[in-house]
Amino acid sequence: MRIRRRWAARLCAAVLALGLATGSALAVQSLVPVGRAAGIKLHADGVMIAALDPVATPGGQASPAETAGLQPGDSILQADGKTVDTNAGLQEAVAAAGGKAVTLHIRRDGQEMDVQVTPVKDTNGVYRLGVMIRDGMAGIGTITYVDPETGAYGSLGHGICDGDSGVLVPLAEGSLMEASVASVHKGAAGAPGALQGEFNLQEDMGTVEKNTDTGIFGVLTDNRYYAGLAPMPVAEAGQIKTGACEIWSNVAGEAVGHYTAEIVKVYGKGGETDRSMVIHVTDPKLIEATGGIVQGMSGSPVVQDGKLVGAVTHVLVGDPTRGYAVALDKMLEAEKAA
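Okay, so the sequence shown: first residue is 434 according to the working numbering, each after it adds one.
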(Lines of atoms letter the chains of each structure in order from A; the text may use other names.)
(Lines give C-alpha, C1' and ligand atoms only; values in the text may rest on other atoms or scores of the structure.)
Protein backbone atom coordinates (compact mmCIF):
# COMPACT_ATOMS: atom_id res chain seq x y z
CA MET A 434 0.00 0.00 0.00
CA ARG A 435 1.29 3.44 -0.90
CA ILE A 436 1.28 6.08 1.79
CA ARG A 437 0.68 9.54 0.36
CA ARG A 438 0.89 12.98 1.87
CA ARG A 439 -0.19 16.26 0.35
CA TRP A 440 2.32 19.09 0.27
CA ALA A 441 2.17 22.51 -1.33
CA ALA A 442 4.80 23.43 -3.89
CA ARG A 443 7.26 25.93 -2.48
CA LEU A 444 10.40 25.35 -4.52
CA CYS A 445 9.87 27.89 -7.28
CA ALA A 446 10.30 31.56 -6.42
CA ALA A 447 8.39 34.16 -8.43
CA VAL A 448 10.56 36.77 -10.10
CA LEU A 449 9.86 40.31 -11.30
CA ALA A 450 13.08 41.52 -12.88
CA LEU A 451 14.19 40.55 -16.39
CA GLY A 452 17.06 38.08 -16.51
CA LEU A 453 20.04 37.89 -18.80
CA ALA A 454 21.98 35.38 -20.69
CA THR A 455 22.82 31.86 -21.66
CA GLY A 456 26.04 30.04 -21.00
CA SER A 457 28.26 28.45 -23.61
CA ALA A 458 26.71 25.58 -25.53
CA LEU A 459 27.69 21.95 -25.06
CA ALA A 460 27.94 19.38 -27.79
CA VAL A 461 24.53 18.38 -29.15
CA GLN A 462 23.13 15.20 -27.64
CA SER A 463 19.78 13.46 -27.23
CA LEU A 464 17.90 13.21 -23.96
CA VAL A 465 14.40 12.17 -22.94
CA PRO A 466 12.15 15.14 -22.06
CA VAL A 467 10.11 14.09 -19.03
CA GLY A 468 7.75 16.78 -17.67
CA ARG A 469 6.51 14.67 -14.73
CA ALA A 470 6.10 16.16 -11.26
CA ALA A 471 8.18 14.64 -8.47
CA GLY A 472 8.46 15.11 -4.73
CA ILE A 473 11.82 16.55 -3.71
CA LYS A 474 13.43 16.12 -0.27
CA LEU A 475 16.68 17.83 0.70
CA HIS A 476 18.72 17.47 3.87
CA ALA A 477 21.08 20.36 4.45
CA ASP A 478 24.80 20.01 5.10
CA GLY A 479 24.77 21.13 8.73
CA VAL A 480 21.93 23.41 9.78
CA MET A 481 21.44 26.71 8.00
CA ILE A 482 20.55 30.00 9.65
CA ALA A 483 17.42 31.20 7.87
CA ALA A 484 17.06 34.38 9.92
CA LEU A 485 18.20 36.06 13.12
CA ASP A 486 15.41 35.89 15.69
CA PRO A 487 15.79 37.98 18.88
CA VAL A 488 15.07 36.13 22.12
CA ALA A 489 12.43 37.41 24.54
CA THR A 490 14.14 37.26 27.94
CA PRO A 491 12.88 38.38 31.38
CA GLY A 492 15.03 41.48 30.93
CA GLY A 493 13.87 42.26 27.38
CA GLN A 494 14.95 41.36 23.85
CA ALA A 495 18.42 39.88 23.34
CA SER A 496 20.25 38.86 20.14
CA PRO A 497 23.24 36.68 21.05
CA ALA A 498 23.69 35.38 17.47
CA GLU A 499 23.73 38.89 16.04
CA THR A 500 26.13 40.07 18.75
CA ALA A 501 28.48 37.20 17.85
CA GLY A 502 28.38 38.16 14.15
CA LEU A 503 26.32 35.26 12.80
CA GLN A 504 24.44 35.97 9.57
CA PRO A 505 21.47 34.52 7.65
CA GLY A 506 22.79 31.92 5.23
CA ASP A 507 25.55 30.68 7.57
CA SER A 508 25.65 26.89 7.90
CA ILE A 509 26.40 25.57 11.39
CA LEU A 510 28.46 22.38 11.04
CA GLN A 511 29.56 21.75 14.65
CA ALA A 512 28.72 22.93 18.15
CA ASP A 513 31.48 22.54 20.76
CA GLY A 514 33.20 20.03 18.50
CA LYS A 515 30.17 17.83 17.88
CA THR A 516 28.65 17.49 14.42
CA VAL A 517 25.26 19.18 14.09
CA ASP A 518 22.84 18.20 11.33
CA THR A 519 19.39 18.86 12.83
CA ASN A 520 17.65 21.68 14.63
CA ALA A 521 17.15 19.35 17.61
CA GLY A 522 20.85 18.50 17.70
CA LEU A 523 21.80 22.16 17.84
CA GLN A 524 19.31 22.84 20.63
CA GLU A 525 20.70 19.90 22.63
CA ALA A 526 24.22 21.34 22.33
CA VAL A 527 23.03 24.77 23.43
CA ALA A 528 21.17 23.31 26.41
CA ALA A 529 24.22 21.26 27.42
CA ALA A 530 26.37 24.40 27.55
CA GLY A 531 24.23 25.65 30.47
CA GLY A 532 24.55 29.32 29.58
CA LYS A 533 28.28 29.19 28.80
CA ALA A 534 29.63 30.29 25.43
CA VAL A 535 29.16 27.72 22.63
CA THR A 536 31.82 27.42 19.93
CA LEU A 537 30.10 27.05 16.56
CA HIS A 538 32.04 25.88 13.52
CA ILE A 539 30.29 27.48 10.56
CA ARG A 540 30.57 27.79 6.77
CA ARG A 541 29.99 31.17 5.13
CA ASP A 542 30.45 31.79 1.40
CA GLY A 543 32.57 28.65 1.12
CA GLN A 544 34.86 29.60 4.02
CA GLU A 545 34.83 27.83 7.40
CA MET A 546 35.44 29.57 10.74
CA ASP A 547 34.69 29.34 14.46
CA VAL A 548 32.31 31.73 16.21
CA GLN A 549 31.60 31.88 19.94
CA VAL A 550 27.99 32.59 20.98
CA THR A 551 26.71 32.93 24.54
CA PRO A 552 23.09 31.68 24.77
CA VAL A 553 20.47 33.49 26.81
CA LYS A 554 17.43 32.14 28.67
CA ASP A 555 14.04 32.98 27.20
CA THR A 556 10.96 33.70 29.32
CA ASN A 557 10.33 29.94 29.56
CA GLY A 558 13.81 29.25 30.93
CA VAL A 559 15.13 27.69 27.69
CA TYR A 560 18.61 28.65 26.47
CA ARG A 561 18.53 30.08 22.94
CA LEU A 562 20.94 31.56 20.41
CA GLY A 563 18.45 33.82 18.66
CA VAL A 564 18.34 32.12 15.24
CA MET A 565 15.77 30.47 12.99
CA ILE A 566 17.19 27.22 11.59
CA ARG A 567 16.57 25.09 8.49
CA ASP A 568 17.84 21.51 8.37
CA GLY A 569 15.93 20.39 5.26
CA MET A 570 13.25 21.24 2.73
CA ALA A 571 10.55 19.39 0.82
CA GLY A 572 8.22 20.26 -2.03
CA ILE A 573 7.26 19.51 -5.61
CA GLY A 574 9.03 20.22 -8.89
CA THR A 575 9.19 18.91 -12.44
CA ILE A 576 11.82 16.61 -13.94
CA THR A 577 13.16 18.19 -17.12
CA TYR A 578 15.18 15.44 -18.77
CA VAL A 579 16.81 12.07 -18.22
CA ASP A 580 19.64 10.24 -19.96
CA PRO A 581 18.03 6.85 -20.67
CA GLU A 582 21.40 5.09 -20.64
CA THR A 583 22.45 6.23 -17.16
CA GLY A 584 19.27 7.51 -15.46
CA ALA A 585 20.99 10.87 -14.84
CA TYR A 586 18.38 13.64 -14.70
CA GLY A 587 18.03 17.40 -14.35
CA SER A 588 15.14 19.22 -12.70
CA LEU A 589 13.83 22.68 -11.76
CA GLY A 590 16.25 24.78 -13.84
CA HIS A 591 17.01 26.85 -10.74
CA GLY A 592 18.44 26.10 -7.32
CA ILE A 593 16.51 25.38 -4.14
CA CYS A 594 17.07 28.35 -1.86
CA ASP A 595 16.00 29.10 1.68
CA GLY A 596 12.82 31.15 1.57
CA ASP A 597 13.96 33.57 4.28
CA SER A 598 17.64 34.16 3.51
CA GLY A 599 17.56 33.46 -0.24
CA VAL A 600 20.75 31.38 0.14
CA LEU A 601 21.20 28.18 -1.89
CA VAL A 602 20.57 25.26 0.48
CA PRO A 603 23.88 23.40 1.06
CA LEU A 604 23.12 19.79 0.19
CA ALA A 605 24.12 16.83 2.33
CA GLU A 606 21.77 14.36 0.66
CA GLY A 607 18.40 14.31 -1.03
CA SER A 608 15.90 12.11 -2.80
CA LEU A 609 13.00 12.10 -5.24
CA MET A 610 9.60 10.57 -4.59
CA GLU A 611 6.91 9.54 -7.04
CA ALA A 612 4.21 12.22 -7.14
CA SER A 613 0.90 13.12 -8.69
CA VAL A 614 -0.75 16.53 -8.91
CA ALA A 615 -3.84 16.53 -6.68
CA SER A 616 -4.99 20.12 -7.24
CA VAL A 617 -3.91 23.51 -8.52
CA HIS A 618 -4.04 26.90 -6.86
CA LYS A 619 -4.43 29.09 -9.97
CA GLY A 620 -2.10 32.01 -10.48
CA ALA A 621 -3.30 35.57 -10.94
CA ALA A 622 -1.62 38.95 -11.36
CA GLY A 623 0.21 39.68 -8.10
CA ALA A 624 -0.54 36.22 -6.65
CA PRO A 625 1.55 33.31 -8.00
CA GLY A 626 -0.24 29.97 -8.01
CA ALA A 627 1.03 26.52 -7.04
CA LEU A 628 0.62 22.83 -7.76
CA GLN A 629 -0.48 20.70 -4.82
CA GLY A 630 1.12 17.27 -4.86
CA GLU A 631 0.54 13.85 -3.32
CA PHE A 632 3.65 11.77 -2.69
CA ASN A 633 4.52 8.11 -2.30
CA LEU A 634 6.36 8.10 1.04
CA GLN A 635 7.17 4.39 1.07
CA GLU A 636 10.11 4.46 -1.32
CA ASP A 637 12.40 6.85 -3.14
CA MET A 638 12.62 6.83 -6.92
CA GLY A 639 15.89 8.71 -7.27
CA THR A 640 18.70 10.64 -5.65
CA VAL A 641 19.45 14.35 -5.44
CA GLU A 642 23.21 14.78 -5.68
CA LYS A 643 23.62 18.45 -6.65
CA ASN A 644 21.74 21.63 -5.81
CA THR A 645 23.05 24.38 -8.12
CA ASP A 646 21.92 27.80 -9.28
CA THR A 647 20.83 26.16 -12.56
CA GLY A 648 18.94 23.14 -11.25
CA ILE A 649 19.08 20.00 -9.16
CA PHE A 650 20.68 16.83 -10.49
CA GLY A 651 20.93 13.17 -9.58
CA VAL A 652 19.96 9.70 -10.80
CA LEU A 653 16.53 8.17 -11.27
CA THR A 654 16.70 4.69 -9.78
CA ASP A 655 13.22 3.84 -11.07
CA ASN A 656 12.65 4.08 -14.82
CA ARG A 657 8.84 4.29 -14.70
CA TYR A 658 8.99 8.04 -15.37
CA TYR A 659 10.70 7.59 -18.74
CA ALA A 660 10.25 3.97 -19.86
CA GLY A 661 9.02 3.99 -23.45
CA LEU A 662 9.62 7.71 -24.00
CA ALA A 663 11.71 8.72 -27.02
CA PRO A 664 14.93 10.75 -26.77
CA MET A 665 15.02 14.16 -28.43
CA PRO A 666 17.95 16.24 -29.72
CA VAL A 667 19.12 19.04 -27.40
CA ALA A 668 19.37 22.48 -28.96
CA GLU A 669 22.50 24.55 -28.54
CA ALA A 670 21.93 28.03 -27.14
CA GLY A 671 22.50 29.63 -30.55
CA GLN A 672 19.67 27.56 -32.05
CA ILE A 673 17.01 28.96 -29.72
CA LYS A 674 14.91 31.64 -31.41
CA THR A 675 11.80 33.68 -30.79
CA GLY A 676 8.60 32.04 -31.94
CA ALA A 677 6.32 29.12 -31.21
CA CYS A 678 7.28 26.43 -28.70
CA GLU A 679 5.68 23.90 -26.36
CA ILE A 680 5.80 23.48 -22.58
CA TRP A 681 5.54 19.86 -21.44
CA SER A 682 4.08 19.81 -17.96
CA ASN A 683 2.18 17.67 -15.45
CA VAL A 684 -0.61 19.84 -13.97
CA ALA A 685 -3.21 17.15 -13.21
CA GLY A 686 -2.78 13.61 -11.91
CA GLU A 687 0.20 11.92 -13.54
CA ALA A 688 -0.44 12.98 -17.15
CA VAL A 689 2.03 15.18 -19.04
CA GLY A 690 0.38 17.68 -21.38
CA HIS A 691 1.97 19.46 -24.33
CA TYR A 692 0.92 23.12 -24.20
CA THR A 693 1.47 25.85 -26.76
CA ALA A 694 3.60 28.84 -25.83
CA GLU A 695 5.87 31.40 -27.45
CA ILE A 696 9.45 32.39 -26.82
CA VAL A 697 9.22 36.19 -26.94
CA LYS A 698 12.80 37.08 -26.03
CA VAL A 699 16.16 35.31 -26.04
CA TYR A 700 19.04 36.76 -24.04
CA GLY A 701 22.68 36.84 -25.05
CA LYS A 702 25.65 35.40 -23.22
CA GLY A 703 26.92 36.42 -19.80
CA GLY A 704 23.90 36.85 -17.55
CA GLU A 705 21.89 35.13 -14.86
CA THR A 706 22.26 31.40 -14.33
CA ASP A 707 18.59 30.43 -14.40
CA ARG A 708 17.08 32.75 -17.04
CA SER A 709 17.88 32.49 -20.76
CA MET A 710 14.59 33.43 -22.40
CA VAL A 711 11.15 34.91 -21.74
CA ILE A 712 8.20 32.68 -22.56
CA HIS A 713 4.50 33.46 -22.95
CA VAL A 714 1.88 30.75 -22.39
CA THR A 715 -0.74 30.84 -25.16
CA ASP A 716 -2.52 27.51 -24.63
CA PRO A 717 -6.10 28.16 -23.42
CA LYS A 718 -6.27 24.78 -21.65
CA LEU A 719 -3.18 25.49 -19.54
CA ILE A 720 -4.35 29.03 -18.78
CA GLU A 721 -7.74 27.69 -17.72
CA ALA A 722 -6.16 25.03 -15.51
CA THR A 723 -3.38 27.04 -13.86
CA GLY A 724 -3.58 30.66 -14.96
CA GLY A 725 -0.25 30.13 -16.74
CA ILE A 726 3.01 29.29 -14.94
CA VAL A 727 2.71 28.29 -11.28
CA GLN A 728 5.04 27.06 -8.55
CA GLY A 729 5.81 23.39 -9.07
CA MET A 730 6.06 23.76 -12.87
CA SER A 731 9.74 24.67 -12.54
CA GLY A 732 11.67 22.24 -14.71
CA SER A 733 8.90 21.73 -17.29
CA PRO A 734 10.66 21.04 -20.61
CA VAL A 735 10.47 23.68 -23.35
CA VAL A 736 10.46 22.14 -26.84
CA GLN A 737 10.96 24.03 -30.11
CA ASP A 738 11.24 22.62 -33.66
CA GLY A 739 11.59 19.06 -32.38
CA LYS A 740 14.45 19.92 -30.02
CA LEU A 741 14.67 20.22 -26.24
CA VAL A 742 15.68 23.85 -25.74
CA GLY A 743 15.19 24.59 -22.05
CA ALA A 744 13.18 24.39 -18.84
CA VAL A 745 10.62 26.70 -17.24
CA THR A 746 12.12 28.37 -14.16
CA HIS A 747 10.15 31.40 -12.90
CA VAL A 748 6.88 33.25 -13.32
CA LEU A 749 6.39 36.99 -13.67
CA VAL A 750 4.30 38.04 -10.68
CA GLY A 751 2.43 40.69 -12.62
CA ASP A 752 1.43 38.31 -15.44
CA PRO A 753 1.32 34.55 -14.73
CA THR A 754 1.11 33.76 -18.46
CA ARG A 755 4.70 34.98 -18.78
CA GLY A 756 7.89 33.77 -17.19
CA TYR A 757 11.46 32.64 -17.73
CA ALA A 758 13.17 29.52 -18.97
CA VAL A 759 16.81 28.45 -18.81
CA ALA A 760 18.62 27.02 -21.83
CA LEU A 761 19.21 23.27 -21.65
CA ASP A 762 22.93 23.61 -22.34
CA LYS A 763 23.30 25.66 -19.14
CA MET A 764 21.66 22.89 -17.11
CA LEU A 765 23.96 20.32 -18.72
CA GLU A 766 27.01 22.44 -17.89
CA ALA A 767 25.89 22.61 -14.25
CA GLU A 768 25.24 18.86 -14.15
CA LYS A 769 28.71 18.07 -15.47
CA ALA A 770 30.59 20.64 -13.38
CA ALA A 771 32.73 19.26 -10.56
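Here a beta-carbon is modelled for each residue, glycine too, at the ideal position from N, C-alpha and C.
{"Check": "Cβ neighbour criterion (16 or more within 10 Å) applied to Pro625", "Outcome": "buried"}
{"Check": "Beta carbon of Gly639 nearer than 9 Å to that of Gly620", "Outcome": "no"}
{"Check": "Under the three-state DSSP convention, the category Pro666 falls into", "Outcome": "strand"}
{"Check": "Which residues DSSP lists as bridging Tyr757, in chain order", "Outcome": "Val711, His747"}
{"Check": "Three-state secondary structure assigned by DSSP to Glu636", "Outcome": "coil"}
{"Check": "Host alpha helix (DSSP H) of Gln504 (start-end)", "Outcome": "Premise fails: Gln504 is in no alpha helix (DSSP H) and is neither H nor E."}
{"Check": "Any 3 or more C-beta pairs closer than 8 Å across the segment 596 to 612 and the segment 471 to 479", "Outcome": "yes"}
{"Check": "Stretch pair the segment 553 to 565 + the segment 582 to 589: three plus CB contacts closer than 8 Å", "Outcome": "no"}
{"Check": "DSSP state of Arg469 mapped onto helix, strand, coil", "Outcome": "coil"}
{"Check": "Same chain only: Cβ atoms within 6 Å of Glu687, ignoring 5 sequence neighbours per side", "Outcome": "Ser613"}
{"Check": "Three-state class that DSSP yields for Pro497 in the structure shown", "Outcome": "helix"}
{"Check": "Start-to-end residues for the beta strand (DSSP E) that takes in Thr491", "Outcome": "Looking at the sequence provided, one finds Pro at residue 491 rather than Thr. Neither: Pro491 is in no beta strand (DSSP E) and is coded neither H nor E."}
{"Check": "For Asp762, three-class secondary structure by DSSP", "Outcome": "helix"}
{"Check": "Residues bridged to Ala739 [DSSP beta-bridge criterion]", "Outcome": "According to the sequence as given, residue 739 is Gly; it is not Ala. DSSP lists no partner for Gly739."}
{"Check": "Tyr659 versus Val465: straight-line alpha-carbon distance, rounded", "Outcome": "7 Å"}
{"Check": "Reduced DSSP category for Gly532 - H, G, I as helix; E, B as strand; rest coil", "Outcome": "coil"}
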